[in-house]
Amino acid sequence: MDKSWSDQRKDADGNAKDKQLERFRINNDGKKMNTNQGIKVSNDEDSLKAGVRGPTIMEDFHFREKMTHFDHERIPERVVHARGFAAHGEFELYESMKEFTRANFLQDTSKKTPVFVRFSTVVGSLGSMDTARDVRGFATKFYTEEGNYDLVGNNIPVFFIQDAIKFPDLIHAVKPEPHNEMPQAASAHDTFWDFVANNQEIAHMIMWHMSDRTIPRSFRMMEGFGVHTFRFVNDKGRSRFVKFHWKPVLGVHSLVWDEAQIIGGKDADFQRRDLWESIEIGDYPEYELGVQMINKEDEFKFDFDILDATKLWPEELVPVKKIGKMTLNRNVDNVFAETEQVAFHPGNVVPGIDFTNDPLLQGRLFSYIDTQLIRLGGPNFAEIPINRPICPIHNNQRNGFSRQTINLGKVSYHKNSLAGNTPSTSTEKEGGFVHYEEKVEGRITRARSKSFDDHFSQARLFWNSMSPPEKQHIIDAFSFEVGKVKSKSVRQQVVDMFVHVDKVMATTVAENIGVNRPTGEQSKVIASSPALSQANTIKLPQTLKVGVLIGDGFDANEVGEVLKFLTRQGVRYSIISDKLGVVTGSNGVQLMASETFITTDAVLFDSLYVVGVRADNQAKFNTHIVNYINEAYRHYKPIGIAASGMTFFNMSNANVGPGIVMATGNTNFAKKFVEAIAQQRFWQRNIY
Ligand code: HDE
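Each step along the sequence shown adds one to the number in the UniProt record's numbering, with nothing skipped, and position 471 is 471.
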């Protein structure tokens with residue numbers, strides 16, 4: 001492979017954004033070193049000195065430049081969503097949305113729109129663990145021919161607060177406490193739960209926050225939501241309210257909390273690694289874009305206010321129409337240049353997509369640009385390659401820190417005659433953005449609409465929609481999180497609040513966290529929304545990861561057949577043994593161990609295939625395998641057991657039952673094993 005990385009990229013038939021980025025890629029392979037001023041460097045290891053043991057000399061321009069640049073390499077991390085990981089991809093439309101919106105990228109099914117997606121946790125710092133219990137950001141930048149459209153969403157369809165003015169309070173409460181900067185990337189502490197109990201609009205979101213949604217198995221297996229109510233406007237000026245959804249093709253799946261915490265130590269990069277590796281091997285993550293639409297005339301037909309971001313529109317009431325698919329098919333070249341410097345903004349819309357009076361959305365429209373100004377060092381951040389639109393940019397904006405373009409001519413004002421009044425504005429027909437002419441009326445007031453007052457009905461709807469294991473996880477999560485709160489008064493306030501969602505839930509939590517049983521009444525809502533439960537999600541074996549626990553002397557026929565079948569079904573596996581390298585089976589067949597029992601762990605796999613057999617230190621080998629089985633078993637994972645694996649299974653705490661698939665006497669073993677893998681978890685197991 002003689003071609004440089006950059007040359008290979010040039011050959012790739014990149015989309016419009018990729019071609020644009022190519023102009024900025026620099027490849028150092030095989031090149032001579034220069035200073036930033038272009039001077040060739042003769043020595044990069046010794047600073048310039050007066051005598052080999054003498055003082056360093058000020059005139060060493062190479063040292064000064066290298067050190068100064070290093071000293072300034074950091075930029076402020078995002079105030080929220082600091083830790084993230086991103087990828088490039090494309091969006092394709094299933095059917096024209098012309099009837100509903102004039103957005104150009106939603107008209108033509110033959111058009112592919114380049115996208116860049118950044119996933120994130122909210123609370124933790126840049127270096128925190130990926131598997132913290134937290135909301136995940138799901139921000140998508142569509143590089144459309146009409147300019148950038150950003151759908152800056154989360155993996156949960158509702159939000160903590162109703163009005164943007166409370167956002168700094170929410171974030172101050174959930175971030176590490178200011179006096180001792182603890183805990184990192186966690187909401188399980190006093191100030192957060194004090195905020196919860198004293199800001200009851202948060203109730204619905206907390207139910208989601210305590211559910212399995214905040215410990216996703218993978219960025220590839222979570223939904224995305226625009227959260228706010230936006231507006232579609234068609235070419236006749238007709239408007240509809242719209243909510244956006246991303247639906248992962250692989251379904252919505254989660255980790256187990258105990259497992260998530262262990263993964264945090266074993267592999268803090270678990271979710272970014274999962275995304276990166278999946279894209280590298282061609283398991284491209286896919287998400288369908290769905291829209292829920294409500295006609296303008298129906299704005300007040302619901303028993304919740306559609307402008308309230310703590311409410312969802314139940315899919316059973318307002319169906320989700322799937323309108324296209326996004327595929328993430330290219331990893332970034334450079335995390336700082338792309339993932340760190342990308343600047344999303346919910347205010348980046350294209351003609352045909354517009355805002356509503358949701359007071360949370362309105363506040364966001366201010367915050368994002370404001371934060372980019374400090375984070376990216378001034379007003380020219382839209383010129384950073386990852387942020388550049390793919391359409392031409394002409395306006396009278398000039399100057400500012402690190403301006404890249406050289407704007408020609410002396411005219412930088414509108415209107416003018418010296419440049420023929422250009423750049424000129426566009427009419428709506430020519431694609432000019434004309435804000436939707438919503439009629440507004442009212443007195444200036446600092447108040448909240450009464451229609452935003454019901455905080456518990458949808459919280460209860462969510463609870464009613466959960467399967468029994470999901471309900472148990474919510475109770476466990478409350479017991480963990482609020483159990484970490486030192487203030488007994490806050491613990492009491494929390495159960496007194498959540499009794500309005502469910503009495504049994506709040507009472508069980510109260511007992512677990514040492515406070516009085518709550519006495520309030522639970523919400524009367526009896527409805528449920530099956531779409532909210534992960535029990536009803538898509539279950540596929542594709543891309544799930546199996547750890548094959550194996551030593552010398554394995555049965556090559558049996559194991560070979562199973563591994564081939566796994567591959568055919570799109571299941572990924574790693575060979576794990578007591579040492580790296582060759583593992584030899586019957587007939588001299590060899591497998592290559594890419595991991596050892598100590599370089600990886602059962603928590604890093606969706607399933608285990610226990611083959612076992614021989615090793616130099618048999619006792620140690622046996623203990624490792626038994627530990628792996630015990631761990632996977634108590635995390636409810638499927639385990640496949642080869643004939644030779646029975647010895648290890650018998651030494652473990654695992655019992656015969658759901659999700660334990662044995663090869664002995666089972667002619668359909670591989671098929672049954674793959675079916676079990678697709679299920680991911682067997683909650684029926686009684687592990688305590
Ligand atoms: Fe954000 N949010 N947010 N947020 N948000 C930021 O912008 C803010 C909200 C979301 O990967 C910041 O560039 C306010 C809802 C994502 O780069 C900041 C309010 C939703 C990301 C900011 C909200 C989000 C951010 C920090 C309440 C889901 C990461 C750095 C009114 C619909 C984007 C930055 C990325 C980032 C403000 C609420 C999603 C400070 C004031 C609701 C995915 O501007």
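Glycine is no exception: its CB is placed at the ideal position from the N, C-alpha and C atoms.
Cross-strand partners of L376 (DSSP beta bridge): One-based indexing of the sequence shown puts residue 376 at position 376. BP columns for L376 are empty, so no partner.
Please work out which residues of its chain come closer than 8 Å, Cβ to Cβ, to Q20, disregarding the five sequence neighbours upstream and downstream, and give them in chain order. Walking along the sequence shown from the start, residue 20 turns up at place 20. Taken in chain order, the residues that qualify are P385, R388 and I390.
Residue ranges of each beta strand (DSSP E) run of no fewer than 3 residues wholly in the segment 120-175, ordered along the chain? 136-144 and 147-154
In this structure, does DSSP put D354 in helix, strand or coil? Walking along the sequence shown from the start, residue 354 turns up at place 354. Strand.
Own chain partners of I561 with C-beta closer than 8 Å, once the 5 adjacent residues on each side are dropped: On the sequence shown, residue 561 is found 561 positions in, with the first residue counted as 1. Reading off the sequence shown, one finds Glu at residue 561, where the question assumed Ile. If we look at E561 and ignore the five residues flanking it on each side, its Cβ neighbours are A670.
In this structure, does DSSP put K524 in helix, strand or coil? As a position in the sequence shown, residue 524 is number 524, starting the count at 1. Residue state, collapsed to three classes: coil.
On a Cα-Cα basis, can you pick out the residue from D354, K503 and I215 that is closest to V525? The residue labelled residue 525 in the question sits at position 525 within the sequence shown. Residue K503 is the option with its Cα nearest to V525.
With distances taken between CB atoms, is the gap from H58 to A268 smaller than 8 Å? Numbered from its first residue, the sequence shown carries residue 58 at position 58. Numbered from its first residue, the sequence shown carries residue 268 at position 268. First, the residue type needs correcting, since residue 58 is Met and not His in the sequence shown. For the pair M58 and A268, the CB atoms are not nearer than the 8 Å cut-off.
So, using beta-carbon positions, are N15 and E90 closer together than 8 Å? Here residue 15 refers to the residue found at position 15 when the sequence shown is read from its first residue. Here residue 90 refers to the residue found at position 90 when the sequence shown is read from its first residue. In this structure, E90 lies closer than 8 Å to N15 by Cβ.
Pick from D616, A619, V610 and A643 that is closest to Y633, judged by C-alpha positions: Taking the first residue of the sequence shown as position 1, residue 633 is located at position 633. Y633 has its Cα closest to that of V610, out of D616, A619, V610 and A643.
For F344, verify whether its CB is less than 7 Å away from any heavy atom of ligand 1. Counted from its first residue, the sequence shown places residue 344 at position 344. Correct: F344 has its Cβ closer than 7 Å to ligand 1.
Option nearest I281 by Cα separation, candidates S644, K141, K545 and E437: Counting from one through the sequence shown, the residue named residue 281 turns up at place 281. Checked all of S644, K141, K545 and E437; the closest Cα to I281 is K545.
Compute the Euclidean distance between the alpha carbons of T543 and V52, then round it to the nearest angstrom. In the sequence shown, the residue the question calls residue 543 occupies position 543. In the sequence shown, the residue the question calls residue 52 occupies position 52. Cα to Cα, the separation comes out at about 58 Å.
Can you give me the start and stop residues for the alpha helix (DSSP H) that H394 sits inside? On the sequence shown, residue 394 is found 394 positions in, with the first residue counted as 1. Premise fails: H394 is in no alpha helix (DSSP H) and is neither H nor E.
What residue range is occupied by the uninterrupted beta strand (DSSP E) comprising S607? In the sequence shown, counting from the first residue as 1, residue 607 sits at position 607. Here the beta strand (DSSP E) through S607 covers S607 to G612.
G89: first and last residue of the uninterrupted beta strand (DSSP E) it sits in: Position 89 of the sequence shown, counting from 1, holds the residue named residue 89. That run of the beta strand (DSSP E) goes G84 to L93.
Taking only the alpha-carbon atoms, compute the straight-line gap between N104 and P168 and give it to the nearest angstrom. The residue you call residue 104 lines up with position 104 of the sequence shown. The residue you call residue 168 lines up with position 168 of the sequence shown. In this structure, the CA atom of N104 is about 36 Å from the CA atom of P168.
Exposed or buried, which one is K637 when buried takes at least 16 other CB atoms within 10 Å? For the purposes of this step, residue 637 is identified with residue 637 of the sequence shown, where counting begins at 1. K637 counts as buried, since no fewer than 16 other beta carbons sit within 10 angstroms of its beta carbon.
Identify which residue in F232, D258, D370 and K175 has its Cα closest to the Cα of P351. As a first step, residue 351 must be located in the sequence shown, where it is residue number 351. The candidate whose alpha carbon is nearest that of P351 is F232.
Taking a contact to mean a Cβ-Cβ separation below 8 Å, would you say H345 touches D150 in this structure? Counted from its first residue, the sequence shown places residue 345 at position 345. Counted from its first residue, the sequence shown places residue 150 at position 150. Yes, Cβ-Cβ distance for H345 and D150 is below 8 Å.
Leaving out five residues before and five after Q590 in sequence, what residues of the same chain have Cβ atoms less than 6 Å from its Cβ? Here residue 590 refers to the residue found at position 590 when the sequence shown is read from its first residue. Within the same chain, Q590 has close Cβ partners V582 and T584.
CA nearest to the CA of Y368, picked from D46, M662 and V79: Along the sequence shown, one-based indexing puts residue 368 at 368. Distance from the Cα of Y368 is smallest, within the candidate group D46, M662 and V79, for V79.
For the beta strand (DSSP E) holding S574, just list the boundary residues, first then last. Taking the sequence shown and counting its residues from 1, one reaches residue 574 at position 574. Segment R572 to S577, the beta strand (DSSP E) holding S574.
Do H204 and Q534 have their CB atoms nearer than 8 Å? Reading the sequence shown from its first residue, position 204 is the one you call residue 204. Reading the sequence shown from its first residue, position 534 is the one you call residue 534. Their beta carbons are not under 8 Å apart, which means H204 does not touch Q534 by this criterion.
Tell me whether R272 sits in a helix, a strand or coil according to DSSP, three-state version. In the sequence shown, the residue the question calls residue 272 occupies position 272. R272 falls in the helix class under three-state DSSP.
Quick check for students: name the residue ranges of the beta strand (DSSP E) that lie wholly in the segment 279-304, counting only runs of 3 or more. 286-295
Less than 6 Å between C-beta atoms, sequence neighbours within five positions excluded: which residues of the same chain meet that for A676? Against the sequence shown, residue 676 aligns to sequence position 676. These residues qualify, in order along the chain: P638, G659 and V661.
Is there contact between the segment 564-583 and the segment 247-267, where contact requires at least three CB pairs shorter than 8 Å? no
Classify Q590 as helix, strand or coil using the three-state DSSP reduction. Residue 590 sits at position 590 when you count from the first residue of the sequence shown. Note: Q590 maps to strand in three-state DSSP.
G483 lies in the alpha helix (DSSP H); which residues open and close that run? As a first step, residue 483 is located in the sequence shown; it is residue number 483 there, counting from the start. From DSSP, the alpha helix (DSSP H) with G483 extends over P468 to G483.
What are the start and end residues of the alpha helix (DSSP H) that includes H204? Numbered from its first residue, the sequence shown carries residue 204 at position 204. It spans A203 to H209 - the alpha helix (DSSP H) in which H204 sits, taken as one unbroken run.
Taking the alpha helix (DSSP H) that F452 belongs to, which residues open and close that run? Translated into positions along the sequence shown, residue 452 becomes position 452. Unbroken run through F452: none, as it is neither H nor E.
Closer than 7 Å: Q522 CB and nearest ligand 1 heavy atom: As a working note, residue 522 is residue 522 in the sequence shown. At a cut-off of 7 Å, the beta-carbon of Q522 does not count as near ligand 1: no heavy atom of the ligand is closer than that.
Grab the span of the beta strand (DSSP E) containing H245 for me, first residue to last. Walking along the sequence shown from the start, residue 245 turns up at place 245. H245 -> beta strand (DSSP E) spans S239 to P248.
What separation, rounded to the nearest whole angstrom, lies between the Cα atoms of D305 and V196? Indexing the sequence shown from 1 puts residue 305 at position 305. Indexing the sequence shown from 1 puts residue 196 at position 196. In a straight line, the C-alpha of D305 is about 22 Å away from that of V196.
Any chance the CB of S367 is under 7 Å from a heavy atom of ligand 1? Here residue 367 is taken as the residue at index 367 of the sequence shown, counted from 1. Within the cutoff, so yes.
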